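Read through the structure below, which is laid out as structure tokens, and then see the notes.
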Amino acid sequence: QLGNRMGQKISMPGFFGAPCIAEFAELLERDHADGVDKLLGRSKEDRTEVAGEAGAAEVRERRGGGHEDLAIVGMAARLPGADNVEAFWRNLRDGVESRHEVTAEDLIAAGLDPAVLDDPSYVPACMPLDDVDKFDAAFFGINPRDAQMMDPQHRVFLECSWTALEDAGYAPDKCEKLVGVFAGIARNAYQWHNVASIHEYRINSHDYSILLGNDKDFLSTRVSHRLNLRGPSMTVLTACSGSGAALHQARLALLNGDCDMALVGGGRIMSPHKVGYHYVDGNVLSADGHVHAFDAKASGMVRGSGVVAILIKRLSDAIEDGDDIKAVIKGTAVNNDGASKASFTAPSVPGQAIAIRQALADADISPDTISYVEAHGTGTRLGDPIEVAALTEAWSERKNGNQFCPVGSSKSNVGHLDAGACVTGIIKTALSMRHRLIPPSLNYETPNPLIDFANSPFYVNTELAEWKPTETPRRAAVSSFGVGGTNVHVIMEEAPERQPSSESRPRQLLLLSAKRPEAIAIQARELAEAIRSDDTLNLADVAYTLQVGRSGLPLRQAIVCSDRDDAVAKLEKLAERAASPKPAEEGVPVVFMFPGQGSQHVNMARELYDHEAVYRVHFEHCSRALKPLLGLDLRDLVYPDEGADVEALAEKLKQTEIAQLALFTVEYSIAKVWQSWGVSPASMIGHSVGEFVAACVAGVIELHDCLRVLHARASLMGSMPPGDMLAVALSVDALKPRLTEGVSIAASNAPEITVVSGKAEAVAAFRKSIEADEIDTFPLHTSHAFHSEMMEPVLEPFVRAFDGIALAAPKIPFISSMTGTWITDEQATSPGYWAQQLRNGVLFSKGVGTLLEEDDPVFLEVGPSTALSSAVRKHVTAERPLNIVTTLSAAQRPEPALETT
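Each residue of the sequence shown is one higher than the one before, starting from 8 at the first, in the working numbering.
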């Protein structure tokens, strides 16, 4: 009526922003002076001067803590119609409204009378969360009874926190960073609607565990406790803006150095779950069960059930750590409306505008650079107009004109998630930035008549639209406003362009682990879909994250794949056949086995050299150290260029002076690769020269000293007259009576494999006699009769080679090849022992027997052949199966070494 008398339309948002007569009078004088002149019959000269709008309060400069952008590195979501972030994006992209039409069966299951469906005021609509009643309590070590009594909001937030950490590549049980937890939560309805109806609860309502499982105070701290996170942990309660306020507190903690990363999130899960509500005109719930954000049909919101979580960290840290940055948070602001509004529950234009201005100032950007706003957008008749008016006021200094920026609301897709609403909007915006698409805001046809879009910077985005680039990175704003007046505004920016991953190996190992067999199949299926649907995924990055960024759970499966298509095919096959995953055995000892001379060949471990940086670094380091001693570069000999005379190089590689050093370099480098992958030996055994590798890895001798000593050993042995070595398929006891003159036992490699050595003509005569009895023999690729009396002349000179070299007790136990038992500190530090070691026979078979006296180990051959693995397999019996692994495939096998590593 007043507007009609003045001949002007009074803004409804402005009216509700003036809670008292004095402020309303100021509003009229400021915005409707001509109408007041008409009403009072006064002239312009008689007007009363009024102060500027309350919303134009000065933006405060933040003090302390400094400023730095934050990175979102992990995201998790359980939302209506979407079990994960990827499903949420598909629904957003496709314009899906995850609305459920409530049925009589739903109401009966909830313990309600289905006759309520006949009530005209009853709206049979909700946006529920699937599987809200399911929780893997054992996975988190929670007692089943405690889990049953626990608020589902707590349960699902715990799950989402785990998922967000894994999405970022940080396994909770491996993460050494200080991680905080900041979350908001809605009112607990589960305790009163579910737990309170249980007879046991009524009897034990004083039970402290019920309080711990349901009270808001323990939402964040339970996550910190269960996941062993030691940063600040707090629940932030500001109603609908709870997760946004939690984000602001997390940001301050990161900037102040209180933590290295922070989990931020929250949510609401309705109880009873799949039920509707009674519509009351003028209330906040929708008349038709749809959210018509910004539309003329807007009559309220629909409550949704869902929980979300993100993992954030300082942007500089995220870039340095090579994290997968989903989006950047440039600024945040939080304030309260105070009393400048119509009522405690009403929104406020001035209050929201100040928060928006503060966030823009905090991000140090102009609103002209923002190209999308994810609004609070509840679809209420008054809330939407006030929000647009506040945004317009805050952007009053824009230069781009009107209606240049799209606005939308995820509440039209999944309903209002209460305390989880802000982070839900942040996840939507981060996904939109990554895909460079702006999803449609649903249920919008005609603008709310109280919204002046034409004179604002905004328009409602109703179709899937390309998010076009501008002169600045893509930027967006997210608003969240809580009942009671706590306003949150967040400024976001697309992730910086990621540096491409470095060249990697041609095949990747994808590891899966879980606590239940069916979970392996689910993981395989989800991973296959992720690889198929995201062209930006680098298979090497996927493999790395699965290995270092996932918890090693009890059941394991692994596949080796060459490319994305191969990975998808093998993962789908794994998911379909549901093979029984192998339980991981904690603390299983690994034995490193280092083979001796005779296993060398040109291009041994070539794929490791070409594709494994750790191997290449150590091989080249040894090669450089040996070049002055050998007068050649091992790289040219072991890894020749295409077109080289391989046969000639192979002959050269048989020379003892080169062979032993080449083998040491390869085996030592392979050992370093295994250790870099987290596989460390519990014990070791080396065959002849292989024992020197064991000694070096065990810390008995420093690397460069070991290369010098080994060069002396090989040179001295190579200076002796030539001889031959022959493997015979007989035991030591069976072979001894058959020995002929000039032939001696050099090694016992397996129960039925013994090696003899001697002068070439003597070994040849022995071989002829032994083969006459149809006994198998195998000549070894050696140039001399090692471990025989032919080595006697070099013993004393070799002892002198240790002059000035420090030897230390082994830090890792290993088997003496000379005794077949554990080497003692006295032996390991005695040059005399190492001299006798090249003369006496190698008791490898006895050494394996010694190792088998311990817990069942995994035997890992760390070298270019499978010779020692074959020897160990001779110890396998039906009663004693053994775990034997080779690093590389045999030289003559056609498949690539990395395929079988």
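Quick reminder that beta carbons are idealized off the backbone N, C-alpha and C, glycines included. These figures come from a predicted structure and were not determined experimentally.
(message) Assuming residue 861 and residue 596 are in contact, meaning their beta carbons sit under 8 Å apart, how far apart are those beta carbons, in whole angstroms?
(response) Contact between residue 861 and residue 596 holds, since their C-beta atoms are separated by about 7 Å, short of 8 Å.
Between the region 487 to 505 and the region 354 to 362, can you find at least three pairs of beta-carbon atoms closer than 8 Å?
yes
Straight-line Cα distance separating residue 16 from residue 39
9 Å
| Counting pairs of Cβ atoms below 8 Å between the region 723 to 737 and the region 699 to 712, do you hit three or more? | no
**Assigned exposure category for residue 429 - 16 Cβ within 10 Å defines buried** = buried
(Q) Just verifying my parser: in three-state terms, what is the DSSP assignment at residue 104? (A) coil
Practice prompt. State the Cα-Cα distance for the pair residue 836 and residue 809, rounded to the nearest angstrom.
Written response: Approximately 10 Å between the Cα atoms of the pair.
- Query: Can you tell which of 750, 774, 421, 617 has its C-alpha closest to the C-alpha of residue 448?
  - Reply: Nearest to residue 448 by C-alpha distance, out of 750, 774, 421, 617, is 421.
On a Cα-Cα basis, can you pick out the residue from 20, 310, 499 that is closest to residue 75? 499
Next item on the list: Return the first residue and the last residue of the alpha helix (DSSP H) that residue 379 is part of.
Entry: No alpha helix (DSSP H) contains residue 379, which DSSP labels as neither H nor E.
Roughly how many angstroms separate the alpha carbons of residue 470 and residue 297, rounded to a whole number? Cα to Cα, residue 470 sits roughly 18 Å from residue 297.
| Beta-carbon separation of residue 732 and residue 757 under 8 Å? | For the pair residue 732 and residue 757, the CB atoms are not nearer than the 8 Å cut-off.
Review point. Alpha carbon to alpha carbon, how far is residue 379 from residue 581?
Key: 42 Å
- Task: Could you check how far apart the C-beta atoms of residue 535 and residue 578 are, in whole angstroms? I think they sit under 8 Å.
- Result: 4 Å
Starting from residue 335, trace the beta strand (DSSP E) in both directions and tell me its first and last residue.
334 to 343
Next item on the list: Give me whichever residues DSSP pairs with residue 893 in a beta bridge.
Entry: 868, per the DSSP bridge assignment.
Exercise for review: Within 10 angstroms of the Cβ of residue 252, are there 16 or more other Cβ atoms? Answer buried if so, exposed if not.
Suggested key: Buried, because 16 or more other Cβ atoms sit within 10 Å of the Cβ of residue 252.
- prompt: Tell me which same chain residues have a C-beta within less than 6 Å of the C-beta of residue 695, skipping the five on either side of it?
  reply: 603, 849
Report buried or exposed for residue 402, applying the criterion of at least 16 other Cβ atoms within 10 angstroms of its Cβ. buried
Contact check, residue 517 vs residue 549 under 8 Å by CB: the rounded distance? That pair is a contact at about 7 Å.
When you compare each of 881, 281, 370, 300 to residue 853 by their alpha carbons, which one comes out closest?
881
Sort 395, 718, 560, 482 by Cα distance to residue 179 and report the nearest one. 560
Practice prompt. Report the partner residues of residue 134 according to the DSSP bridge assignment.
Written response: Per DSSP, 311.
Practice task
Check whether the Cβ atoms of residue 868 and residue 600 lie closer than 8 Å to each other.
Solution key: yes
*Roughly how many whole angstroms lie between the Cα atoms of residue 872 and residue 607?*
8 Å
- Message: Tell me which residues share the same chain as residue 330 and place their Cβ nearer than 6 Å to its Cβ, disregarding the 5 neighbours each side in the sequence.
- Response: 80
(message) Tell me the DSSP secondary structure of residue 788 in three-state form.
(response) coil
- Rank 799, 27, 258 by C-alpha distance to the C-alpha of residue 349 and give the top, closest one. That would be 27, whose Cα lies nearest to the Cα of residue 349.
Segments assigned alpha helix (DSSP H), at least 4 residues, entirely inside the region 559 to 646:
571 to 584, 613 to 618, 620 to 637, 641 to 645
Select from 319, 107, 436, 415 the residue whose C-alpha is nearest the C-alpha of residue 466. Answer by Cα proximity: 415.
* Asked: So which of 637, 372, 435, 396 has the shortest CA-CA distance to residue 406?
  -> 372
| said: Tell me the rounded alpha-carbon separation between residue 497 and residue 335. | reply: 10 Å
Taking Cβ to Cβ, would you say residue 706 is nearer than 8 Å to residue 817?
-> Using a Cβ distance threshold of 8 Å, residue 706 and residue 817 count as a contacting pair.
### Query
Leaving out five residues before and five after residue 774 in sequence, what residues of the same chain have Cβ atoms less than 6 Å from its Cβ?
733, 784
Considering only the beta carbon of each residue, do residue 250 and residue 14 sit closer than 8 Å?
-> no
- prompt: Does the Cβ of residue 684 have 16 or more other Cβ atoms within 10 Å, making it buried, or fewer, making it exposed?
  reply: exposed
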